[in-house]
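Chemist: This is the structure, below, for whatever I ask next.
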């Protein structure tokens with residue numbers, strides 16, 4: 545089935561399957577700047593659990609099959625835990641420097657164990673976001689053809705603050721048996737998140753932005769976040785802005801999801817909402833995501849699950865990581881390659897051949913079989 549030039553992942557909306565007359569004339573073709581076709585060096589962090597298999601059996605071979613000018617700078621020496629199951633204390637400096645130098649990273653999820661000896665160590669995933677100031681997290685949940693879910697035509701983008709809130713990592717025991725965990729909300733990060741959400745909505749022809757909060761209880765903290773959202777909303781009169789308490793949001797997502805378009809949230813609520821959205825669309829193996837900072841972007845699956853139970857099985861679903869790679873290719877202006885890969889993935893799902901679809905969506909295929917099916921659609 546033919547689809548429009550502006551893809552689902554870049555625009556988010558579902559449109560007519562037939563190209564318009566303007567597209568047919570080729571006026572929508574990408575006009576490159578000098579150097580846009582040069583090789584792009586991208587940091588690759590396979591991560592833990594099923595991540596290395598998804599990179600080795602799906603992402604790397606499909607990018608190569610595309611012929612996309614990507615040079616991987618790969619790091620297999622970064623893991624969330626040591627051989628004893630205790631968390632590593634910090635992200636290796638050379639890995640952080642690679643991402644800063646290349647400006648782009650494709651990343652698997654790093655395992656975050658519950659330490660029995662060092663409760664002060666932060667997750668490496670959180671550390672990386674803070675060190676690179678990746679203050680905005682975006683996930684896109686949308687219905688994929690061939691995947692049967694409770695609701696059809698889901699199309700929700702979640703913009704989440706990514707470095708503060710309850711993830712600030714400021715916890716301590718005041719006295720024995722009494723623990724204090726600090727939630728930090730700042731005007732700077734709240735404004736940055738809100739501005740990104742409204743700019744995304746504006747540039748992608750989205751109609752509404754919903755701010756998710758708990759300001760009825762946390763009047764000062766979440767009130768600061770809402771104040772930022774309201775300030776930015778005034779600059780975008782064409783976009784409908786509304787607010788919803790997080791517990792009601794969760795109920796509304798599973799009962800009336802089509803009311804949501806772009807959602808903007810503080811950190812913890814975004815984690816909850818992203819997982820619900822992933823479930824609405826068929827599972828954690830399907831939703832792509834990205835982490836955006838100033839001049840740096842890290843792409844990873846939208847619902848951050850390490851899938852340790854699938855390690856070594858060859859049965860992991862690479863769709864979320866592949867679609868994150870699609871977003872990455874588009875980010876570095878390799879539009880033709882990103883569209884080809886996205887189209888190939890969607891065609892495999894549209895064919896609904898269960899022998900070629902991953903098991904978590906009802907198929908019988910392993911990672912390699914699904915990858916081969918996608919590769920066959922690239923020609």
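Numbering (my numbering), first residue to last: 545 to 923.
Where is the CB? At the ideal position from N, CA and C, for every residue including glycine.
1) Are the stretch 709-728 and the stretch 826-842 touching by the rule of at least three beta carbon pairs closer than 8 Å?
2) Locate the beta strand (DSSP E) running through residue 685, then write down its first and last residues.
3) State whether the stretch 602-617 contacts the stretch 880-893, with contact taken as three or more CB pairs (one from each stretch) at a distance under 8 Å.
4) When burial is assigned at 16 or more other CB atoms within 10 Å of the CB, is residue 565 buried or exposed?
5) Give me the Cβ distance between residue 701 and residue 682, rounded to the nearest whole Å; I'm assuming they're in contact under 8 Å.
6) Helix, strand or coil, according to DSSP, for residue 848 in the structure here?
7) Specify, as a first and last residue, the run of the alpha helix (DSSP H) that residue 677 falls within.
8) If you check the beta carbons only, do residue 908 and residue 899 fall under 8 Å apart?
9) Could you tell me if the beta carbon of residue 614 falls within a distance shorter than 7 Å of some heavy atom in the ligand ZN?
10) Check for me: the alpha helix (DSSP H) holding residue 895 runs from which residue to which?
11) Roughly how far, in whole angstroms, is the beta-carbon of residue 738 from the beta-carbon of residue 776, given that I think they are within contact range, below 8 Å?
12) Evaluate residue 692 with the Cβ neighbour count: other Cβ atoms within 10 Å of its Cβ, from every protein chain shown; 16 or more gives buried, anything less gives exposed.
13) Please list, in chain order, all residues of the same chain as residue 785 whose beta carbon is under 6 Å from its beta carbon, the five residues on each side excluded.
14) Note down, in chain order, each residue of its chain lying with its Cβ closer than 6 Å to the Cβ of residue 905, except the 5 sequence neighbours on either side.
15) Span of the alpha helix (DSSP H) holding residue 871?
16) With a CB to CB cut of under 6 Å and the five nearest residues on each side skipped, what residues in its chain are close to residue 558?
Modeler: The relevant details are as follows:
1) no
2) As a working mapping, residue 685 is identified with position 141 in the chain shown. 680-686 is the span of the beta strand (DSSP E), which, as asked, contains residue 685.
3) Judged by Cβ distances under 8 Å, the stretch 602-617 makes contact with the stretch 880-893, as three or more pairs qualify.
4) Position 21 of the chain shown, counted from the start, is the residue given in the question as residue 565. At residue 565 the pLDDT is 47, less than 50, meaning the model places this residue with poor confidence; the figure from the coordinates comes in the next sentence. By the neighbour-count rule (16 or more Cβ atoms within 10 Å), residue 565 is not buried but exposed.
5) Numbered from its first residue, the chain shown carries residue 701 at position 157. Numbered from its first residue, the chain shown carries residue 682 at position 138. 7 Å between Cβ atoms; contact.
6) What you label residue 848 is simply residue 304 of the chain shown in a count that begins at 1. Three-state result, residue 848: coil.
7) Counting from 1 along the chain shown, the entry for residue 677 is found at position 133. First-last for residue 677: undefined, no H or E at that position.
8) For the purposes of this step, residue 908 is taken as residue 364 along the chain shown, with counting starting at 1. For the purposes of this step, residue 899 is taken as residue 355 along the chain shown, with counting starting at 1. Their beta carbons are under 8 Å apart, which means residue 908 touches residue 899 by this criterion.
9) This structure lacks the ligand ZN, and indeed carries no ligand of any kind.
10) Mapped onto the chain shown, residue 895 falls at position 351. First-last of the alpha helix (DSSP H) with residue 895: 879-895.
11) In the chain shown, counting from the first residue as 1, residue 738 sits at position 194. In the chain shown, counting from the first residue as 1, residue 776 sits at position 232. Right, their Cβ atoms sit about 4 Å apart.
12) Here residue 692 refers to the residue found at position 148 of the chain shown. Result: exposed.
13) Taking the first residue of the chain shown as 1, we reach residue 785 at position 241. If we look at residue 785 and ignore the five residues flanking it on each side, its Cβ neighbours are 753 and 777.
14) Here residue 905 refers to the residue found at position 361 of the chain shown. Result list for residue 905: 691 and 826, in chain order.
15) By 1-based counting over the chain shown, the position of residue 871 is 327. Note, residue 871: alpha helix (DSSP H), 863-875.
16) Here residue 558 is taken as the residue at index 14 of the chain shown, counted from 1. With a pLDDT of 35 at residue 558, under the threshold of 50, the modelled position of that residue is not reliable, and no figure is offered here.
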